[in-house]
Structure formats: structure tokens, C-alpha cells
Amino acid sequence: MTQETRNLGDLLGRRRSSGETAMVSVDRNGQCREWSCSELESGSLAYAAFLREKGIAPGSAVAILAANSVHNWMAYTGSMRAGCVCVPVNTRQPREIVEFILEDADVRFAFSDESNAAVVPEGIDHAILGDVPLIDDEPQLPDVNEKSAAEILYTSGSTGRPKGVILSHASQLSMIETIVGSTDTEVFANQRGIVVAPMFHMNALIFIASFLSSGGSLVLMSRFDAERFVQAINAHRVTVITGVPTMIALMHTAWLELGGPKLPSVNTVYIGSAPVTEAVAAQSSEMMPGANILNSYGTTETGGGIFGSHPDNIEKPATSVGYPTPQAELRLDGNGALVVRAPSMMTEYRNLPELTAAKLKDGWFNTGDMFEVDDNGFYYFTGRSDDMFVCSGENVYPGEVEKAIESHRSVLQAAVVPVPDEIRGQMPVAFVVSRDKSLGEPDIQDHVRRHVAAYLYPRRVWFVDSLPLAGTTKVDRRELMRQAEESIMRVREVA
């Protein structure tokens, strides 16, 4: 990345006019197409010019509601180059949540793919990705203040409403520079990565940006299919992959079904979003024996690049997220939760000044994530300080699921807790007090799916007469987790 880069949408640097491959797109049908650096640059400028011609003023919020695609990336970078604030939206959420995000962000324009066009509410002008005309001349684009907002990424909230995390150009460019410049990630230069994570997640956006800005190329898949993912790694000679523990487990299953093909091209595997177990590290090593397995960590609010290699070249343990980078200041609070101060951090939560003040104090952000530190200064992510847990790489807030269950007219009370799962890492299960004895597990699961994101539904539901209480008079979640694990174990023993 060149030093003069101040706009997060401008990442190709000296490669802007190059004919070398920047991306290989893989659609839902497995069809592939190569895209050069110059094509990405032309497309990005076309989307920027389109917004300018539409009269969308700098500083306005522009949403993207679409599956992964090269045009999604062009719209993402183009909107920022037009001086706008990009808002990638998770369209897998219920419509009411999508509408809340668009209203909360004050979205003035939206891009969507054809399958998500109907999700865009009436009253918001929008265009279909791919329909934006190409241009011959470079458009006149506004300068942006690098401290101004570049994007707003929405994260799940314990209240059931997502929180808008405002991220500046400077914060994100700082994170990319840290990632690209670290010892662990020098492999990005002239390497080929693969992205299947959805492009409304920071993981996907930063991984793409880091590769393109460092001289690498990427395979961009529209969605995750474990078998096609394994095949794409070999077909496109992928050297670097990133994913969550769940994806690695599913990939391993598909790999075995395909006969355990060798994946000799992979030299680096990044695993994040949840604590990495020895089993996940072992599966990665079995599939990619020549790869360096790296346990990564980051949050939307703090960004990535806060952990890296040890300055004394001490080898990082497989389950550690690493040693603090020079750019990040880290400490643990009295409860063992990680508190961070780094250039990559968010500006604020949109429209939530009280929450911003509570979480961001004197430039320090309390992640709420629990860590341990060994004698060499390596950090280990052990879990969440609150009730939140991670299922298949997605944050699950029990209160959000409980609220959905209790909206059922026959439910009196509900409690949701996590139980360990080999594939998902953890999965939500529910204990329900019902006034209707005929109510069954499928009734609760279907009801939840209609009200919140599909991944939040409880995989098991037990109906009880009452919920156990702890000494604080709150629901004893530890006891419920014990009961759930015992019930699941009994079923497995019978099977």
C-alpha cells in the first residue's frame, strides 16, 4: 500500500492499471472468471461516478445488500471513493432488522443483487449490481478526510437490535498496514487467498483489502460449499485461507469424503472468531501439512492486527492468538477481559452515545472477551465475559433468542444457553416454560426462525415446569448448561 493512500476504497496502488489477475470469482454454479487489477479499478471508479451522477452527496450512507461478488467489491470501494459511507448489510436477517439498519444508518442509496432487490424498502433509491455502466474517463472524485467515516458495520446486539460500528478511513488503513506488514502476514505479497466469508463481515473485507493492497490475488466464492471450497483450493493453487473453526470442521468432512486429496499449495491458515481447539488445529494440519496454522483474533470495534509474532522469535503455541503488535496497547481488566487501545479502533457506535461512553473510555475499548496470558506474553482467547457465545462463527446473544421464544403466545419463560458441538463450536439450546402442554420442539424452532436470523434457532428445546434460579435470583445458566449437556450425552449413549 502506498503512503499517499487516504481513501479505504483506493487499495490497488501502483497496480491500478495492471493486467495481472486480482480476483477469480466463483459463482453459485461453480463458474469461474478472472478479473484483472485494471478491471477492478475501472469498476470501482464506475460505481463512484454512478453515485456522483445520482447526486448522492459525500458523507451519505450507501448500503450494499448482496451475496459475495466482484461487483459487490466494486460497489464497496466505489461508494467510499465517491466520499460516501458504505453500509454492507446482512440480508440473512429478518426483514425488520434489515429495515432497522437502513433507517438507523440513514441510507440514501442502495446497491443489491437481483436476489435481494425485493429486500430494499420502498422509498430508497437503488440499483442492481452489474447494471452500472462502465466509463472511459476517470471521474472527478472528492477528497476525503481520513478521519471521517468510511463504513458502518452492524453487529448483533444483546437487545435484539444490531449496533452500528462507525469505522474511519484512517482506522481501517492503519489495520491493513499493520496486518500486511507483520511477520505472520508477509506471505500476502504475491500469494493467492480465498474468501468465502460474507462481505458484510469485517473478516472478509479486511482479508480482501490486505491481499489486494500487498500485491496478492484472491479467489472470491459467492457462498461456502465445503466440497467446492476444497476443490477450489487445488484448482486455483490457493496459498492462504482464512475461516472459523466451524468451516475448518466442515471442510475436513468434505476433504475426507473426497478421498483426502493433498492440498500442497496452502502455506498459511488463519482461524478466528472463536477459540481454536487442538482438534481444529490438528484437522488443519492433516489437510494442509505444509501450512502454518495461525489462530487470529479481532473484533469489529477494535479491528484485527492487534496480535502477531513474538519479538524474540519464540514460536507461537497453536491455540494462542499471538503476542501484542507494537501498534496495539493491551491489558486485562479485573475480570480477565481484554481492553484495547489501537489506531484501528472504531470511532463510535452510531446513535448510541451512552453505549459508546460505557465501552470506550479514554481511548480504551473493553472487548468483553476473556483472555489468559502465558509466561512468554502470548495471549489465549478463552471465551466471553457475558452470556454471548459463538455458533458457526456467528455471535449468539441468549437474550435475543429468548425474546424471540417468549414472543410466542403459549410461552411463559425461556432461557437459552450454549452446549459444546464438534461442528459448530457451540450451539444454542433452550429451556421453555409453556402454558400449552401440546407445544413441541418444532413449534419453538420454527417460531424463532421467523423472528430472528436462522442461525440463532435453538438446536434442542426442553420443556420444563420452572427455570432454576441462582443465589442472585437470576436464572442459573450454569445449571442449565449442565442439564443440557447431560441430556445430550444420554441421548448419544442410547444411540
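Numbering (my numbering), first residue to last: 1 to 495. Virtual Cβ for every residue (Gly too), placed ideally from N, Cα, C. Since the model is a prediction, treat every value here as computed from it, not as a measurement.
- According to the DSSP secondary-structure assignment, Tyr270 is paired through a beta bridge with Thr242, Leu294.
- Secondary structure note for Leu173: its alpha helix (DSSP H) is the uninterrupted segment 169-181.
- Taking the Cα positions, Gly9 is about 47 Å away from Glu485.
- Under the three-state reduction of DSSP output, Asp443 falls in the helix class.
- The Cβ-Cβ distance between Val464 and Ala404 does not fall below 7 Å.
- Per DSSP, reduced to three states, the secondary structure at Asn90 is coil, with no helix or strand assignment.
- Gly308 counts as buried, since at least 16 other C-beta atoms from the protein chains shown sit within 10 angstroms of its C-beta.
- Judged by beta-carbon spacing, Ala46 lies within the 7 Å limit of Val132, meaning their Cβ atoms are closer than that value.
- Around the beta carbon of Asn190, fewer than 16 other beta carbons lie within 10 angstroms, which makes this residue exposed.
- CA-CA distance, Ala63 to Leu11, rounds to 20 Å.
- Ranking Ala281, Ser213, Leu338 by CA distance to the CA of Ser174 puts Ser213 first.
- Straight across, the Cα-Cα distance linking Glu354 with Arg482 is about 36 Å.
- In the structure shown, the three-state DSSP call for Glu122 is coil.
- Here the alpha carbons of Ser320 and Ala281 stand approximately 11 Å from one another.
- In the structure shown, the three-state DSSP call for Glu34 is strand.
- If you compare the alpha carbons of Gly393, Arg6, Ser42, Arg33 with that of Ser18, the shortest gap goes to Ser42.
- Pairing Val390 with Glu301 gives a Cβ-Cβ distance that is not under 7 Å.
- Annotation: Glu146 to Ser171 spans about 8 Å, alpha carbon to alpha carbon.
- If you keep only unbroken alpha helix (DSSP H) runs of at least 4 residues inside the stretch 24-82, you get 37-53, 70-81.
- Within its own chain, the residues whose Cβ lies closer than 6 Å to the Cβ of Ile194, once the five positions on either side in sequence are excluded, are Val219, Val238, Ile241, listed in chain order.
- Close CB contacts of Val475 within its chain, under the 8 Å cut and outside five residues either way in sequence, are with Ala415, Leu467, Pro468, Leu469 (chain order).
- Excluding sequence positions up to five before and after Asp125, its CB lies within less than 6 Å of the CB of Phe109, all in the same chain and listed in chain order.
- If you look at Pro428, you'll find it isn't in any alpha helix (DSSP H); it sits in the beta strand (DSSP E) that goes 425-434.
- When rounded, the separation of the alpha-carbon atoms in Asp106 and Gly272 is 31 Å.
- Secondary structure at Phe211: helix, using DSSP grouped into helix, strand and coil.
- Per the coordinates, the alpha-carbon of Ile233 lies some 51 Å from the alpha-carbon of Lys437.
- DSSP, read as helix, strand or coil, puts Ile306 in coil.
- In this structure the stretch 18-38 does not touch the stretch 83-92; the number of beta carbon pairs closer than 8 Å is below three.
- Thr382 counts as exposed, since fewer than 16 other C-beta atoms from the protein chains shown sit within 10 angstroms of its C-beta.
- Under the DSSP definition of a beta bridge, Trp462 partners with Phe431.
- Going by DSSP, Arg95 is part of the alpha helix (DSSP H) stretching over 95-104.
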